[in-house]
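*Asks:* Right, I'll just put the structure down here and ask away after.
2 protein chains.
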Amino acid sequence: MQQPAPPLATIAAALRRERERAGISIAELARRAGLAKSTLSQLEAGTGNPSIETLWSLGVALGVPFSRLVEPLETQVRVVRAGEGGTRLRADQADFVATLLAAGSPHTRRDLYVMELEPGPARDAAAHIPGSVEHIVVGGGRIRTGPDGDTVELGPGDYITFPGDVPHHYEALEPSWAVLVMEHR
Amino acid sequence: MQQPAPPLATIAAALRRERERAGISIAELARRAGLAKSTLSQLEAGTGNPSIETLWSLGVALGVPFSRLVEPLETQVRVVRAGEGGTRLRADQADFVATLLAAGSPHTRRDLYVMELEPGPARDAAAHIPGSVEHIVVGGGRIRTGPDGDTVELGPGDYITFPGDVPHHYEALEPSWAVLVMEHR
DNA sequence: TCGATTCGTTCGGTTTGACGAACACTCACG
DNA sequence: CGTGAGTGTTCGTCAAACCGAACGAATCGA
Numbered sequence: 001m002q003q004p005a006p007p008l009a010t011i012a013a014a015l016r017r018e019r020e021r022a023g024i025s026i027a028e029l030a031r032r033a034g035l036a037k038s039t040l041s042q043l044e045a046g047t048g049n050p051s052i053e054t055l056w057s058l059g060v061a062l063g064v065p066f067s068r069l070v071e072p073l074e075t076q077v078r079v080v081r082a083g084e085g086g087t088r089l090r091a092d093q094a095d096f097v098a099t100l101l102a103a104g105s106p107h108t109r110r111d112l113y114v115m116e117l118e119p120g121p122a123r124d125a126a127a128h129i130p131g132s133v134e135h136i137v138v139g140g141g142r143i144r145t146g147p148d149g150d151t152v153e154l155g156p157g158d159y160i161t162f163p164g165d166v167p168h169h170y171e172a173l174e175p176s177w178a179v180l181v182m183e184h185r
Numbered sequence: 001m002q003q004p005a006p007p008l009a010t011i012a013a014a015l016r017r018e019r020e021r022a023g024i025s026i027a028e029l030a031r032r033a034g035l036a037k038s039t040l041s042q043l044e045a046g047t048g049n050p051s052i053e054t055l056w057s058l059g060v061a062l063g064v065p066f067s068r069l070v071e072p073l074e075t076q077v078r079v080v081r082a083g084e085g086g087t088r089l090r091a092d093q094a095d096f097v098a099t100l101l102a103a104g105s106p107h108t109r110r111d112l113y114v115m116e117l118e119p120g121p122a123r124d125a126a127a128h129i130p131g132s133v134e135h136i137v138v139g140g141g142r143i144r145t146g147p148d149g150d151t152v153e154l155g156p157g158d159y160i161t162f163p164g165d166v167p168h169h170y171e172a173l174e175p176s177w178a179v180l181v182m183e184h185r
C-alpha cells in the first residue's frame with residue numbers, strides 16, 4: 001500500500017536535481033561530502049546502491065534533509081472542484097469517500113490553519129519562503145484566491161493549491177472560512 | 001543546520017523497535033525481507049552500514065515508511081471548536097484571521113483529503129500505520145468521530161486530532177463533508 | 001533424558017560499493 | 001595550435017556489506 005517503488009532511480013534524479021540547484025559540480029560535491037567523484041558519477045547514473053552513510057553525507061553536503069533524496073517530488077496552481085477529485089478512497093463497509101488532494105512527502109513541513117475572511121480585498125503579497133506551497137479547501141462562503149493574475153473563485157468544498165513564494169492574495173466575496181495547509185520545505 | 005547525527009544508531013534502534021512492534025523474530029523478518037538473518041543481527045547491533053536497497057526492503061517487510069527507519073521519534077485527542085483556537089494570525093491590512101491548528105515538523109508526512117460522509121455508522125477499524133495521526137476539520141454537516149470510546153461530535157469549522165493507529169470511527173449524523181489531513185511519520 | 005524446533009549470534013566466503021588514477025572532453029588563455 | 005584547469009566518465013583494487021552454514025541457548029513434547 002506504501003513503498004511505491006525501489007528508490008534507485010529516485011535517488012539518482014533527486015541527487016542530480018539538488019546538486020544542480022546548489023549550482024555545483026560533481027567534483028565539488030564529492031569534495032564537500034568527502035566522497036570519490038566516481039562514486040557520485042555512478043550514483044547519478046542510476047548505477048549503484050549507496051550505503052546510508054554515503055547518502056547521509058550527501059544530504060549534509062547539499063544542505064537538504066536526508067529523506068529529500070529518497071522520496072519523489074511534486075507544484076503549480078491546481079484546482080479540484082467540490083465533488084470532483086482524483087484518487088478516491090471508498091470505505092468498504094461505509095458511506096464515505098475520501099479524495100486525495102495532495103500527498104505529502106516526509107521532508108515537507110505542513111502547518112494546518114483554519115482561516116476566516118471578511119469580504120473585501122486582502123492582499124498577502126508577503127510571498128513566503130521559497131519553495132512553500134499553499135493548499136486551501138473552502139469551508140463556507142466564496143473566496144477568490146491564487147497567485148496575482150491567476151486567481152480562481154472557489155466555493156465550499158473546492159480545493160486549490162498554488163506556490164506560496166510568489167505574490168498572491170485572498171479575497172472573500174462574502175463572509176467565508178477555509179482550511180489552509182501551509183507547506184514549506 | 002540540520003542532519004543532527006549519523007543515523008547509524010538511530011537505524012539500529014528504529015529497526016528493533018519496529019520489529020518488536022510487529023511481534024516477529026529476526027529470522028522471520030529476514031525471511032520476509034529476503035535478507036540473511038546475520039545481516040539483521042548485525043544491523044540491530046549497530047554494527048554495519050546498510051545499503052539503500054537493504055533498508056528499503058526492511059521498510060517494506062515491516063510495512064513502515066522508509067523514513068521512519070532513519071529519522072528519530074516524538075499524540076492524543078484534541079479538539080478546537082470553530083472560532084476558538086490557539087495562536088491566531090491576523091493580517092495587518094486585511095480582514096482575515098488564521099488559526100494554527102497543528103504545526104508540522106519536517107519528517108512528518110501529511111496527506112490532504114476531502115471526505116464526504118453519508119449518515120450512518122461507518123467504522124474504520126483499520127488502524128493505520130503506527131505513529132499516524134489524523135486531523136479533521138468539518139466543512140459541513142455534523143460528524144461524530146474519534147478513537148473508539150472517546151468520540152466527539154463536531155460541526156462546521158470544528159477541528160479534532162487523534163491517533164490514527166488505534167481503532168476509531170467516523171459517523172455522519174447528517175450528510176457531511178470534512179477536510180482530513182492524514183499524518184504519518 | 002533425548003530429539004526437534006526456534007531463537008539470536010558468530011564465522012569464512014563471495015559479491016559489491018567506494019576509492020583513486022587514468023581517461024576523453026570542453027573552455028580560456030597565451 | 002599547446003597547455004592548464006575544469007568537467008564527467010571508465011577501470012582495477014580493496015574493504016566491507018551481505019550471505020550461508022554452523023553454533024550455543026532456550027523451549028516444548030515424547
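So the protein lines, in turn, are chains G and A.
Heads up: the first sequence begins at 1 in full-length UniProt numbering, then just goes up one per residue.
Heads up: the second sequence begins at 1 in full-length UniProt numbering, then just goes up one per residue.
Built from N, CA and C at the ideal position, the CB exists for glycine as well.
Out of P65/G, P50/G, E71/G, which one is the CA nearest neighbour of F66/A?
*Replies:* The residue you call residue 66/A lines up with position 66 of the second sequence. Measuring from the Cα of F66/A, the nearest candidate turns out to be E71/G.
*Asks:* Tell me, please, whether the stretch 19-39 of chain G touches the stretch 31-46 of chain A by the rule of three or more beta-carbon pairs shorter than 8 Å.
*Replies:* Judged by Cβ distances under 8 Å, the stretch 19-39 of chain G makes no contact with the stretch 31-46 of chain A, as fewer than three pairs qualify.
*Asks:* May I ask you to list the residues that DSSP assigns as paired with V133/G?
*Replies:* Translated into positions along the first sequence, residue 133/G becomes position 133. Its beta-bridge partners are P163/G, E183/G.
*Asks:* Short of 7 Å in beta carbon distance, which residues of its chain neighbour A27/A, apart from the five on each side in sequence? Order them along the chain.
*Replies:* Start at 1 with the first residue of the second sequence, and residue 27/A comes out as number 27. Excluding positions up to five away in sequence, the list reads K37.
*Asks:* By how many angstroms is the C-alpha of L69/G removed from the C-alpha of G63/G?
*Replies:* Along the first sequence, one-based indexing puts residue 63/G at 63. Along the first sequence, one-based indexing puts residue 69/G at 69. Their Cα atoms are separated by approximately 11 Å.
*Asks:* Give the interface partners of H135/G over in chain A, defined as CB-CB distance under 7 Å, in chain order.
*Replies:* As a first step, residue 135/G must be located in the first sequence, where it is residue number 135. Within chain A, the residues near H135/G are L112.
*Asks:* Can you tell me whether DSSP reads L117/A as helix, strand or coil?
*Replies:* Taking the first residue of the second sequence as position 1, residue 117/A is located at position 117. The answer is strand: DSSP assigns L117/A an E or B state.
*Asks:* If contact means a Cβ-Cβ distance below 8 Å, which residues of the stretch 144-173 of chain A contact chain G?
*Replies:* Correct list: P156, G157, Y159, Y170, A172.
*Asks:* By DSSP, does Q51/G sit in helix, in strand, or in coil?
*Replies:* As a working note, residue 51/G is residue 51 in the first sequence. The residue asked about is misnamed: residue 51/G is Ser in this sequence, not Gln. Three-state DSSP puts S51/G in a strand.
*Asks:* DSSP on residue 200/G, reduced to helix/strand/coil?
*Replies:* Any answer about residue 200/G is impossible in this case: the structure gives chain G only from 1 up to 185.
*Asks:* Using only the alpha-carbon positions, how far apart do E153/G and L180/G sit?
*Replies:* Within the first sequence, numbered from 1, the residue matching residue 153/G stands at position 153. Within the first sequence, numbered from 1, the residue matching residue 180/G stands at position 180. Between E153/G and L180/G, the C-alpha separation is close to 16 Å.
*Asks:* List, in order along the chain, the chain G residues whose C-beta lies closer than 9 Å to that of E53/A?
*Replies:* Reading the second sequence from its first residue, position 53 is the one you call residue 53/A. Here the neighbours are P6, P7, L8, N49.
*Asks:* Please confirm if the stretch 50-58 of chain A is in contact with the stretch 46-56 of chain G, defined as three or more CB-CB distances below 8 Å between the two stretches.
*Replies:* Yes, the stretch 50-58 of chain A is in contact with the stretch 46-56 of chain G.
*Asks:* In the UniProt domain "HTH cro/C1-type" (15-69) of chain G, which residues sit with their C-beta less than 7 Å from some C-beta in chain A, listed in chain order?
*Replies:* Within the UniProt domain "HTH cro/C1-type" (15-69) of chain G, the residues whose Cβ lies closer than 7 Å to some Cβ of chain A are N49, P50, S51, I52, E53, L55, W56, G59, V60, G63, P65, F66, S67, listed in chain order.
*Asks:* Given a threshold of 16 other Cβ atoms within 10 Å of its Cβ, counted over all protein chains shown, does V25/G qualify as buried or as exposed?
*Replies:* Sequence index remark: in the first sequence, residue 25/G carries index 25 (1-based). According to the sequence as given, residue 25/G is Ser; it is not Val. It is exposed - the Cβ of S25/G has fewer than 16 other Cβ atoms within 10 Å.
*Asks:* Expressed to the nearest angstrom, what Euclidean distance is found between the alpha-carbon atoms of M182/G and I136/G?
*Replies:* On the first sequence, position 182 is the one that residue 182/G refers to. On the first sequence, position 136 is the one that residue 136/G refers to. Answer to the nearest angstrom: the Cα atoms are 9 Å apart.
*Asks:* How would you list, in chain order, the residues of chain G whose beta-carbon sits under 7 Å from the beta-carbon of G141/A?
*Replies:* On the second sequence, residue 141/A is found 141 positions in, with the first residue counted as 1. Near G141/A there are no residues of chain G at all, since even the closest Cβ is about 11 Å away, more than 7 Å.
*Asks:* Leaving out the 5 sequence neighbours to the left and right, which residues in its chain are closer than 6 Å to E156/A when beta-carbon positions are compared?
*Replies:* Counting from 1 along the second sequence, the entry for residue 156/A is found at position 156. Per the sequence shown, the amino acid found at residue 156/A is Pro instead of Glu. These residues qualify, in order along the chain: V138, G140.
*Asks:* Look at the alpha carbon of H169/G and the alpha carbon of R142/G, and state the distance between them as a whole number of angstroms.
*Replies:* Mapped onto the first sequence, residue 169/G falls at position 169. Mapped onto the first sequence, residue 142/G falls at position 142. So the alpha carbons of these two residues sit roughly 14 Å apart.
*Asks:* Output needed for A30/A: all residues of its chain with C-beta closer than 8 Å, excluding positions within five of it in sequence on either side, in chain order.
*Replies:* Mapped onto the second sequence, residue 30/A falls at position 30. These residues qualify, in order along the chain: A36, K37, T39, L40.
*Asks:* Which residues in the same chain have their Cβ closer than 6 Å to the Cβ of D111/G, if we skip the five residues on either side of it in sequence?
*Replies:* One-based indexing of the first sequence puts residue 111/G at position 111. M182.
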